[in-house]
Amino acid sequence: MTDFKVDLSNCACEPIHIPGQIQSHGFLIVLDRQYRVSHCSDNIYELLRETCAKLIGSQLQYIEQLIGGDDHREFIRDLLSIGKINRSFEQINPFKLDINGETYYLIISASADQYLLEFESSTSDALPDVQKMMGHSISKMLADKNLQNLLENTALQVKRTILYDRVMIYRFADDGHGEVVAEAKNEELSPWLGLHYPASDIPQQARDLYKLNLTRIIADVQTTPIKISAAPDQLQPLELTYSQLRAVSPVHIQYLKNMGVASSFSISLLCKGELWGLIACHNYSPKFIDFLSRELSKLLGQILSSALEFRQEEIHQHTQEVFSGTLDKLIKQLQETVSIEEALANGPVTLLDIVHAGGAVLVYEKNITKIGLTPDDGQLKELISWLNQNNNQPLYHLTKLAAHYPAANSYRNVASGIMVVVISKELEEYVIYFKPEQPQFITWAGNPEKQTVMDSNGMMHISPRNSFQQWSQTILSTSLAWSPEEINSALRLQEEITYAINQKAGAIRLLNEQLQRAYDELDTFSYTVSHDLKNPIAAIKAYAQLLARGQGFTDHDRMLLGRINQRADQMHLMIVSILDYSRIGRSPFKYHNIDARALIEDIVRDQSMIYESQNYPW
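Numbering (our numbering), first residue to last: 130 to 747.
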């Protein structure tokens, strides 16, 4: 690790948990599971008057004798036993002891298959009695329910407790960059409140360590780190994730030097297990805080973390209750209204009432129903086509639509943010929410892109913000984020729409079954009617034929009887046609050409016979 070079390209992947060194204000001895010394820091002679070469490979009893003599045999072994029983060393840390006339804190932690024994001075640099100030500090911190006042009170109380020149509350954004949201400082220092810092300042692997080790002290950026020597059989780098003395990344050391900071101390702020931010403390001269004071300061951070979690949960709960109540009304409309579009877009409660959006569209059964501010019809059709090709998620949301779909830049004032609720991917049916552009005016602590400078010897040096002069940036084509409550509300809406569609499909299926029964009844009725009508018609035809055989009829009479016979045949055909007509829709159509002239002439002939007219041309 000593050959690691300062280079921005490797900052994000730097193995900061295995630096192979410790800071110079303490000492390290590492034991394996057999209580044999496997590692020690090269400065160990200053503590025990014994060289690293002689200590490595020795047994724990030898270390205990060097520290406590014959009067305190196996005291470290006893501490290790207690820690193993409790599965933690928090209850025994720190253990105060005297070594060569100086008082030290022994801090024990587990590291893979090894135990870290870290020795630090028990005295701090000009600190008051931190323990006595804790009660007062906590009561001051929690004096106001307002979130911003809570942050400001915490920064002030931490500064009064540990006396750093500047104490900041630093909050991480979703993209990893940070902002100073509260600050307490010496009067002569320029304010940093409101300044933003890029995510590369605290890369992901550093943020991961802040979640595991809740405090981190850098006593003096100008000192040289101490190497750690290892036994020959130790082939893997020593894991120092939980070490108090773990050496600092050379990238971060240079960063602090560029700011003029000589010492720093940080306390992690967690919310629901995730890193919300840091209490970042800077001093412009070297400053060491003993372990017990750091632990008490960590308590302030834990109290703030709990308060943050409670405040945020309170806000989230209120928002969730509002959305849930409105969604219940929308669901009732879905249940009581036949039309999905009518229920979601035209009732007292609409799609827009269950999220914080500027507009929404319902794409259902090839129709587009718009509510609020949305892109126009042409833009929507192109957007829907793009979604069909590019989205495979049941719920899809963005705050920078134009970055993924450049055509959206032309209507960013309406739809910079988008949330798509998929009803049916196959049928291209969606609920689409839109959020307008929310321009962000960010002030960075220097240009975040200017990260290297060249010295007089032509060497490049890291300089994230060499001058730290404020640098402003305006971010466009970005909407406000979609909150977890909005996403949950949209997911529930998706379930309810699907359920309502299925319900309506079930009702249609029931109607189809009823219609089928009606068709069957119509078939029976048609058959019965046709059968009953055919009998009298057949009788009429038979009587006409019998009459035609009789004597005494004129030619005109016989023509009338012939017409009766013809009309009986026509009525028989009409009854058959009616029966066929009742089955339309269940059998294929058969088309025939009809001689309309013959039909009209036949009608005219009948009328002429009735009114005894001879004025027809045939």
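Glycine included, C-beta positions come from ideal geometry on N, C-alpha and C.
Length of the line joining the Cα atoms of residue i and residue j
i: Leu285; j: Glu312; result: 7 Å
i: Asn520; j: Pro613; result: 20 Å
i: Leu177; j: Asn229; result: 8 Å
i: Glu442; j: Ser453; result: 16 Å
i: Leu762; j: Cys410; result: Shown here, the chain extends from 130 to 747; a query on residue 762 therefore has no answer.
i: Leu491; j: Gly406; result: 39 Å
i: Met548; j: His526; result: 4 Å
i: Ile669; j: Ile704; result: 15 Å
i: Phe439; j: Ile192; result: 47 Å
i: Leu750; j: Thr370; result: This structure cannot speak to residue 750, because the chain is shown only from 130 to 747.
i: Leu322; j: Met388; result: 16 Å
i: Val733; j: Glu465; result: 58 Å
i: Leu189; j: Gly212; result: 16 Å
i: Asn282; j: Arg300; result: 15 Å
i: Tyr562; j: His445; result: 20 Å
i: Tyr234; j: Ile221; result: 11 Å
i: Leu690; j: His721; result: 30 Å
i: Leu480; j: Leu459; result: 8 Å
i: Gly635; j: Ser706; result: With a pLDDT of only 47 at Gly635, under 50, the local geometry of the prediction cannot be trusted, and the value read off the model is given with reservation. C-alpha separation (whole angstroms): 35 Å.
i: Ile173; j: Ala328; result: 37 Å
i: Ile298; j: Ile408; result: 5 Å
i: Glu203; j: Ser210; result: 10 Å
i: Lys288; j: Asn617; result: 40 Å
i: Pro144; j: Gln623; result: 44 Å
i: Asn139; j: Val560; result: At Asn139 the pLDDT is 48, less than 50, meaning the model places this residue with poor confidence and gives no usable figure here.
i: Ala537; j: Thr290; result: 52 Å
Within 7 Å, strictly: CB atoms of residue i and residue j
i: Gly430; j: Ile396; result: yes
i: Ser414; j: Ser253; result: no
i: Lys340; j: Asp171; result: no
i: Ile236; j: Glu219; result: no
i: Lys314; j: Arg295; result: yes
i: Ser435; j: Leu245; result: no
i: Pro223; j: Phe420; result: yes
i: Ile500; j: Ala489; result: yes
i: His168; j: Val159; result: yes
i: Ala359; j: His154; result: no
i: Val775; j: Leu279; result: No statement about residue 775 is possible, as the shown extent of the chain runs from 130 to 747 and does not include it.
i: Leu524; j: Val550; result: yes
i: Leu184; j: Val166; result: yes
i: Glu368; j: Ser539; result: no
i: Glu558; j: Tyr628; result: no
Bounding residues of the alpha helix (DSSP H) (the contiguous stretch that carries residue i)
i: Asn282; result: Leu276 to Ile291
i: Phe439; result: Phe420 to Glu465
i: Gly212; result: Phe204 to Asn215
i: Gln334; result: Gln333 to Leu341
i: Val490; result: That residue, Val490, is in no alpha helix (DSSP H); its beta strand (DSSP E) goes Gly488 to Tyr493.
i: Tyr384; result: Pro379 to Met388
i: Leu324; result: Careful: Leu324 lies outside any alpha helix (DSSP H) and carries neither H nor E.
Simplified DSSP state of residue i, which is helix, strand or coil
i: His174; result: It is worth fixing the name first, because residue 174 is Tyr in this sequence and not His. In this structure, Tyr174 counts as helix in the three-state DSSP scheme.
i: Gln403; result: The amino acid at residue 403 is misidentified as Gln; the sequence shows Glu. Note: Glu403 maps to strand in three-state DSSP.
i: Gly546; result: strand
i: His146; result: coil
i: Asp731; result: helix
i: Gln695; result: helix
i: Gly635; result: With a pLDDT of only 47 at Gly635, under 50, the local geometry of the prediction cannot be trusted, and the value read off the model is given with reservation. Note: Gly635 maps to helix in three-state DSSP.
i: Leu609; result: coil
i: His721; result: coil
i: Thr627; result: helix
i: Asp506; result: helix
i: Gln736; result: helix
i: Gln363; result: coil
i: Asp227; result: strand
i: Tyr540; result: helix
i: Lys183; result: helix
i: Thr131; result: Model confidence at Thr131 stands at a pLDDT of 40, short of 50, so the residue's coordinates are unreliable; what they give is reported in the following sentence. Of the three classes helix, strand and coil, the one that applies to Thr131 here is coil, per DSSP.
i: Ile669; result: helix
Limits of the unbroken beta strand (DSSP E) element including residue i
i: Ala313; result: Gly307 to Lys314
i: Tyr562; result: Glu558 to Lys564
i: Gln194; result: Looking at the DSSP string, Gln194 is not in any beta strand (DSSP E); the run it does join, the alpha helix (DSSP H), is Leu189 to Gly197.
i: Glu470; result: Here Glu470 belongs to no beta strand (DSSP E); instead the alpha helix (DSSP H) covers Ile469 to Ala474.
i: Leu271; result: Note, Leu271: premise wrong, no beta strand (DSSP E); not H, not E.
i: His526; result: Leu524 to Leu527
i: Leu160; result: Gly155 to Asp161
Residue i CB to nearest heavy atom of the ligand GDP below 6 Å
i: Glu193; result: As for the ligand GDP, it is missing from this structure, which has no ligand bound.
Counting Cβ pairs, one atom from each stretch, are 3 or more of them under 8 Å apart for the stretch 527–545 and the stretch 466–473? Taking a cut-off of 8 Å for Cβ pairs, the stretch 527–545 and the stretch 466–473 do not touch, as fewer than three such pairs fall below it.
Counting Cβ pairs closer than 8 Å, one from the stretch 552–567 and one from the stretch 603–610, do we hit at least three? yes
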